[in-house]
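Here the structure is laid out as structure tokens; the discussion comes afterwards.
Numbering (our numbering), first residue to last: 818 to 1162.
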């Protein structure tokens, strides 16, 4: 070995290799790996899933509220459950499970997660990715996760809210047990906080009146998931998107059913970052937040400037978008099923 080659190797070991390793340590992994194990019908199953750190960061940044059904909705730019649902469907197909066995299989998976008592005040409901990465949560967290998974497995579900608790209702046939009838279907009670609770079994302390929260994206109802306009380009455009979920907590009071409408601007992170603020002026007097004299600025680009409205009709809004370069755009819109509006930033 020549002196020149020895010198090159020495320089690499002393200078370049440490720098290379340091640079690798500065680059965080883009995904988080989680492993799950649970038992159903005497057989043990295991599942690994990679979660996007960007998706986790997005959902953790969103505001918390009491419209629990909306926590099951996934943003199109940050889908989470599809790979896991594909694996769960494969397990069920290979085992030859019936519909109620498929529901029981998914229930057993969620029940296997650790019950983690709420330590924050007020309540901090989690999106499904948060519960899955944390590998546990409290009653509303696991109920939201189960309802989301069942929906994506093609099984209709709702959230059940007895006082001080949260559970899931699942619509499957051929069962006996405790159920509520909603829009002509029987939804059987499912306890998610610990293993071995069967479909239709309800703890005695929760056998009382319940509030129902419906799940966006179930074909049997008119609840909607986030949607995009045809030809929408998130890197160059913004769109105003509406999501509607029935709000039973507010009853009907003669004006028809009350709905919770989530309204938000959608676009790529780079597009949203061009916005300084967004204001909403509510023009429809049937909303809980009635007509305002001034625009009310909502939240930040991290959550798409999202706001929630409660009312009996579709939202009638004026929206004012102020960009960081000083431009101001205003437009009026009516929110109906699958309505969105695109604008160039």
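Glycine included, every Cβ here is placed at the ideal spot set by N, Cα and C.
Small disclaimer: the values here were computed from a predicted structure and weren't measured.
{"Asked": "Within 7 Å, strictly: CB atoms of residue 963 and residue 927", "Found": "yes"}
{"Asked": "Whole runs of the alpha helix (DSSP H) within the segment 944–1003, excluding any shorter than 4 residues", "Found": "945–951, 956–969"}
{"Asked": "Length of the line joining the Cα atoms of residue 1020 and residue 1000", "Found": "24 Å"}
{"Asked": "Own chain partners of residue 1093 with C-beta closer than 7 Å, once the 5 adjacent residues on each side are dropped", "Found": "1139, 1140, 1141"}
{"Asked": "Supposed contact pair residue 1007 and residue 946 - C-beta distance, whole angstroms, cut 8 Å", "Found": "Not a contact, Cβ separation roughly 21 Å."}
{"Asked": "Residue span of the alpha helix (DSSP H) that contains residue 919, given as start and end", "Found": "916–928"}
{"Asked": "Span of the alpha helix (DSSP H) around residue 874", "Found": "870–877"}
{"Asked": "Residues of its chain near residue 872, where Cβ-Cβ distance is below 7 Å and the 5 sequence neighbours each way are ignored", "Found": "895, 897, 946"}
{"Asked": "As assigned by DSSP and simplified to three states, the class of residue 1139", "Found": "strand"}
{"Asked": "Per DSSP, the bridge partner or partners of residue 856", "Found": "861"}
{"Asked": "C-beta atoms of residue 991 and residue 1004 nearer than 7 Å", "Found": "no"}
{"Asked": "Boundaries (first-last residue) of the beta strand (DSSP E) holding residue 1028", "Found": "1027–1030"}
{"Asked": "Length of the line joining the Cα atoms of residue 981 and residue 1144", "Found": "47 Å"}
{"Asked": "Whole-number beta carbon distance between residue 916 and residue 849, since they are thought to touch under 8 Å", "Found": "The Cβ separation is near 32 Å, so there is no contact."}
{"Asked": "Rounded straight-line distance, which links the Cα of residue 919 to that of residue 909", "Found": "6 Å"}
{"Asked": "Local Cβ density within 10 Å of residue 998, reported as buried at 16 or more and exposed below that", "Found": "exposed"}
{"Asked": "Rounded straight-line distance, which links the Cα of residue 1136 to that of residue 877", "Found": "26 Å"}
{"Asked": "Per DSSP, cross-strand counterpart(s) of residue 866", "Found": "851"}
{"Asked": "Cross-strand partners of residue 1094 (DSSP beta bridge)", "Found": "1139"}
{"Asked": "Local conformation of residue 931 per DSSP, three classes", "Found": "strand"}
{"Asked": "Opposing strand residues paired with residue 1146 [DSSP bridges]", "Found": "1138"}
{"Asked": "Same chain, Cβ closer than 6 Å to residue 864, five either side skipped, listed in chain order", "Found": "853, 904"}
{"Asked": "Of the residues 875, 880, 1032, the one placed nearest residue 893, counting alpha carbons only", "Found": "875"}
{"Asked": "Residue 1047, buried or exposed, once every other Cβ within 10 Å from all chains shown has been counted against 16", "Found": "Reliability of the predicted coordinates at residue 1047 is poor, the pLDDT of 49 falling under 50, and no value is obtained from them."}
{"Asked": "Same chain, Cβ closer than 6 Å to residue 783, neighbours up to 5 away in sequence not counted", "Found": "Any question about residue 783 goes unanswered here, given that the chain covers just 818 to 1162."}
{"Asked": "Residue 902, DSSP secondary structure in three states", "Found": "helix"}
{"Asked": "Residue 936 to residue 959 span [Cα, whole Å]", "Found": "16 Å"}
{"Asked": "Within 7 Å, strictly: CB atoms of residue 996 and residue 886", "Found": "no"}
{"Asked": "Per-residue burial, residue 847 [other beta carbons within 10 Å of its own, 16 or more giving buried]", "Found": "exposed"}
{"Asked": "Alpha-carbon to alpha-carbon, residue 914 and residue 942", "Found": "31 Å"}
{"Asked": "Residue 1022 versus residue 994 - alpha carbon distance", "Found": "16 Å"}
{"Asked": "Cβ shell of residue 1146 (< 6 Å), same chain only, five flanking positions each side left out", "Found": "1138"}
{"Asked": "Cβ separation of residue 974 and residue 1016, assumed to be a contact under 8 Å, to the nearest whole Å", "Found": "Going by Cβ atoms, the distance from residue 974 to residue 1016 rounds to 11 Å, so no, they are not a contact pair."}
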